[in-house]
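Protein chains in written order, with my numbering: chain A, 17 to 366; chain B, 17 to 366. Just so you know, even glycine gets a beta-carbon here, dropped at the ideal spot from N, CA and C. Right, one structure below, let's go through it.
Number of protein chains: 2
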Amino acid sequence: MPSFKEGKITKTLKREATIYDIAKELNISASTVSRALKGNTIINLNTRQKVQECAEKLGYRSNTFASNLRTKRTNTIGVIVPRLDSNFMSACLAGMEEVANKYGYNMIISQSHESAKKEEQNALTMYNKRVDGLIVSLTFEESDLSYFKQFKSKNVPVVFFDRVPRETENVCFVIDNYKVAANATKHLIEQGCKNLLHITIQSNSNVYSERARGFTDMVNKCNNCNGETLRLDSLSLENGQAIVDKILKMKPIPDGLFVANDMTAVGCMLSLRDKGIKIPEQMAIVGFNNDPVSTIVTPQLSTVSYPGREAGKLAAKSLIDHLKGENNMELTKEVILNARLIIRDSSKRK
Amino acid sequence: MPSFKEGKITKTLKREATIYDIAKELNISASTVSRALKGNTIINLNTRQKVQECAEKLGYRSNTFASNLRTKRTNTIGVIVPRLDSNFMSACLAGMEEVANKYGYNMIISQSHESAKKEEQNALTMYNKRVDGLIVSLTFEESDLSYFKQFKSKNVPVVFFDRVPRETENVCFVIDNYKVAANATKHLIEQGCKNLLHITIQSNSNVYSERARGFTDMVNKCNNCNGETLRLDSLSLENGQAIVDKILKMKPIPDGLFVANDMTAVGCMLSLRDKGIKIPEQMAIVGFNNDPVSTIVTPQLSTVSYPGREAGKLAAKSLIDHLKGENNMELTKEVILNARLIIRDSSKRK
DNA sequence: GTGAAAGCGCTAACAT
DNA sequence: ATGTTAGCGCTTTCAC
């Protein structure tokens with residue numbers, strides 16, 4: 017240990033206490049202090065208590081970098097999501113945080129804002145911060161995802177949820193977007209809709225393409241009905257007005273809407289109501305996500321429940337189990353979460 | 017540097033590349049590599065390029081711990097919030113993340129779940145992780161907040177937002193809850209409400225106590241009206257039913273409601289509608305936060321706009337400016353953000 | 001423009 | 001039960 021000959025008092029006030037300070041104070045070795053601090057029972061109880069007291073007295077706090085530098089683990093999980101300010105995403109994050117926290121992991125969260133470039137930057141940051149594991153929901157901007165490959169070479173597990181790669185070796189937590197979209201469409205057909213419209217986003221993301229595919233396939237199975245898909249640049253509450261303007265110019269005007277998220281569906285509903293169009297009589301509507309807004313709008317919005325909190329918890333748990341060596345990720349490829357159609361008044365004609 | 021005599025090849029594959037590996041490969045010193053990697057222009061451009069190439073070739077990534085261990089900075093900001101899955105909070109977090117990311121900081125987020133004990137644990141974790149700064153919104157469970165004092169002794173700036181300490185030396189980002197609550201109450205009175213009810217949470221938190229005080233003071237200024245405050249254990253959409261049951265048993269039944277958050281206000285509205293009570297004619301309602309749901313419910317909910325995203329951005333910016341030495345936190349005590357009453361149909365009688 | 005050397009604070013293998 | 005020792009990978013004087 018270096019000696020602080022000059023200005024000792026000032027330095028002592030400024031400097032962080034280390035295990036060496038404790039060791040010196042108690043006339044024992046640093047290793048003993050290190051062990052005592054970890055509660056290692058091989059160390060005399062008496063010594064342990066003394067160390068603890070002295071640590072508190074000196075305002076000691078463990079230096080995670082020094083520790084990480086040695087142990088090569090960070091106890092940190094990186095999370096990259098498109099945006100964190102949606103009901104669905106914050107539910108996912110809350111679930112992850114809960115699990116991570118429970119097992120002693122911290123979470124670093126970053127947003128890609130739907131930009132592949134930002135996603136890459138974020139991935140690089142996570143990589144350099146040496147997160148122990150990574151949880152990702154992709155942007156809908158297309159990219160080769162090569163920047164996630166590097167993690168594999170370092171044995172850092174990556175799991176995806178919701179928006180997952182089309183093809184990947186990584187574990188994915190998803191719902192069966194195809195099936196549930198087909199179900200929703202079938203429901204609209206059963207309610208007597210003849211001219212269906214699917215409103216979604218222009219994207220190659222599995223989430224949206226699968227929903228669109230489910231919609232189209234189901235429409236095609238139906239002999240006397242028609243289906244169109246409207247692909248927009250973004251989906252939000254505010255888009256409602258513009259969307260409705262478009263819809264009302266279509267020939268024939270659709271009588272059934274399957275919208276890829278609830279906020280947009282609600283935006284449409286509000287605008288349709290302004291135009292005096294009756295829901296569900298003239299236009300039956302089904303949304304997606306079971307956002308709280310779906311129960312608040314009048315009439316209540318039929319939607320697909322998507323258990324975000326559970327998805328988050330499961331993804332985090334799976335990652336942590338893997339890190340603790342308690343499960344073998346090679347065994348799991350994909351976890352399909354339960355999503356189901358919730359029928360409410362916005363689509364119920366019978 | 018240690019030599020890896022045995023099993024060199026295997027080790028080379030597993031081991032992380034370091035600046036020493038690059039140095040050896042290029043026959044230069046580690047210091048030069050270190051400088052080159054940082055783009056230090058004192059190093060020959062040619063050398064810098066070579067180093068860069070070699071780094072990529074070896075899959076080198078900077079070891080932040082070693083770096084942090086030396087520089088004693090983490091470029092990480094800790095965030096502790098009660099819950100992250102509300103519209104308001106995720107807007108705040110999104111704002112913070114945006115700013116933090118822009119200035120090269122990472123964010124570690126944790127939830128206290130309204131428990132003071134968990135808040136303390138989280139603070140301790142942040143402390144030990146040596147965050148460069150901390151942004152906090154408090155639980156509504158009361159505590160002495162002593163666990164935030166330690167940061168000051170280490171010169172780690174702490175800023176609070178939304179739910180802030182009653183007395184503190186730290187910078188706080190808030191709205192004027194008192195004033196805006198008084199305004200909302202005044203508005204209800206102006207609409208002809210005689211029996212007002214404020215629905216809030218049982219808490220000493222500045223946010224709720226100030227809103228309640230604003231309400232009460234304004235009611236007291238009014239000669240011919242009456243005001244009660246209902247303090248609950250929690251506020252949520254789901255509480256609506258139970259709250260309405262209580263309200264309808266009151267004598268006299270209130271004709272004006274000022275609810276401390278929008279979700280709860282909406283919960284009440286839905287339940288009131290079920291009971292056939294007319295809004296705003298029989299019961300005028302004002303909420304708080306300007307959550308998207310306020311524009312979705314029928315009739316639209318009058319509320320108080322609370323600029324969460326801006327609050328988050330400002331809090332983060334202030335913290336980072338301070339970390340960069342660009343502002344003096346001693347100069348700022350409290351930043352009052354703009355919040356204003358938004359009058360919609362749920363309270364408009366005239 | 002580049003190198004040598006010391007040390008940030010901790011842990012763990014090995015000794016006693 | 002405790003101590004000795006040797007680094008983890010980086011940055012940063014100071015020297016040339």
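Among the residues of chain A, those whose CB is under 8 Å from the CB of B:P308 are L253, M279, V309, following chain order. Nearest CB-CB separation between B:Q257 and chain A: not below the 8 Å threshold. Contact note: B:L339 does not reach chain A at a C-beta cutoff of 7 Å; the least C-beta distance is about 17 Å. Rounded to the nearest angstrom, the gap between the Cα atoms of B:K145 and A:M123 is 12 Å. Leaving aside the five residues that flank B:N305 on each side, the residues in its chain whose CB is nearer than 6 Å to its CB run, in chain order, F104, N277, D278, Y322.
Counting of Cβ neighbours within 10 angstroms places B:E113 among the buried residues, the total reaching 16 or more.
One alpha carbon belongs to A:E183, the other to B:N79, and they sit about 31 Å apart. The C-alpha of B:K366 is placed about 26 Å away from the C-alpha of A:P315. Taking all protein chains in view, the Cβ of A:K333 is crowded by 16 or more other Cβ atoms within 10 Å, so the residue is classified as buried. By alpha-carbon distance to A:E206, the top candidate from A:N56, A:I58, A:V302 is A:V302. Taken through DSSP and simplified to helix, strand or coil, A:T245 comes out as strand. Across the structure, A:A139 and A:I359 are spaced so that their CA atoms are roughly 39 Å apart. Minimum Cα-Cα distance from A:G111 among the listed residues A:D192, A:R77, A:A327 corresponds to A:A327.
Within chain A, the residues placing a beta-carbon under 8 Å from that of B:E113 are L100, I125, S126, Q127, ordered along the chain. Contact between B:S318 and B:G283 is ruled out by a C-beta separation of about 16 Å, above the 8 Å threshold.
With a cut-off of 8 Å on Cβ pairs, the stretch 225-242 of chain A is in contact with the stretch 190-203 of chain A, counting three or more such pairs. Not one beta carbon of chain A lies nearer than 8 Å to the beta carbon of B:F156. In the structure shown, B:M266 falls within a coil segment according to DSSP collapsed to helix, strand and coil. At a cut-off of 8 Å between beta-carbon atoms, B:S169 makes contact with chain A.
Taking a cut-off of 8 Å for Cβ pairs, the stretch 148-161 of chain A and the stretch 87-95 of chain A touch, as three or more such pairs fall below it.
The secondary-structure analysis by DSSP pairs B:S321 across a beta bridge with B:N305, B:R356.
In the DSSP assignment, A:G208 forms no beta bridge with any residue.
At a Cβ-Cβ threshold of 8 Å, B:Y194 and B:E158 do not count as neighbours. Residue contact check for A:R146 against chain B: a CB pair falls below 8 Å. Using a C-beta cut-off of 8 Å, the stretch 66-81 of chain B makes no contact with the stretch 70-77 of chain A, since fewer than three inter-stretch Cβ pairs fall below that distance. When C-beta atoms of the stretch 95-102 of chain B are compared with those of the stretch 58-65 of chain B, fewer than three pairs fall below 8 Å, so the two segments do not count as touching. Taking the beta carbon of A:F164 as reference, no residue of chain B falls within 9 Å; the closest one sits roughly 14 Å away. Put simply, of A:R77, A:F189, A:L212, A:S153 the residue whose alpha carbon is nearest the alpha carbon of A:M266 is A:L212. Within chain A, not a single residue places a beta-carbon under 7 Å from that of B:Y322; the smallest gap is close to 14 Å.
Between the alpha carbons of A:F177 and A:N186 lies a distance of about 10 Å.
Interface flag for B:V282 against chain A is set, since a Cβ pair is found closer than 8 Å. Taking a beta-carbon distance threshold of 8 Å, B:T141 counts as an interface residue toward chain A. Under the three-state reduction of DSSP output, B:T90 falls in the coil class, being neither helix nor strand. Listed in chain order, the non-local C-beta contacts of A:F167 below 7 Å within the same chain comprise Y143, L150, V174, local neighbours out to five positions each way being set aside. Residue range 278-290 is occupied by the alpha helix (DSSP H) that includes B:S287. Rounded to the nearest whole angstrom, the C-alpha separation of B:E254 and B:R31 is 54 Å.
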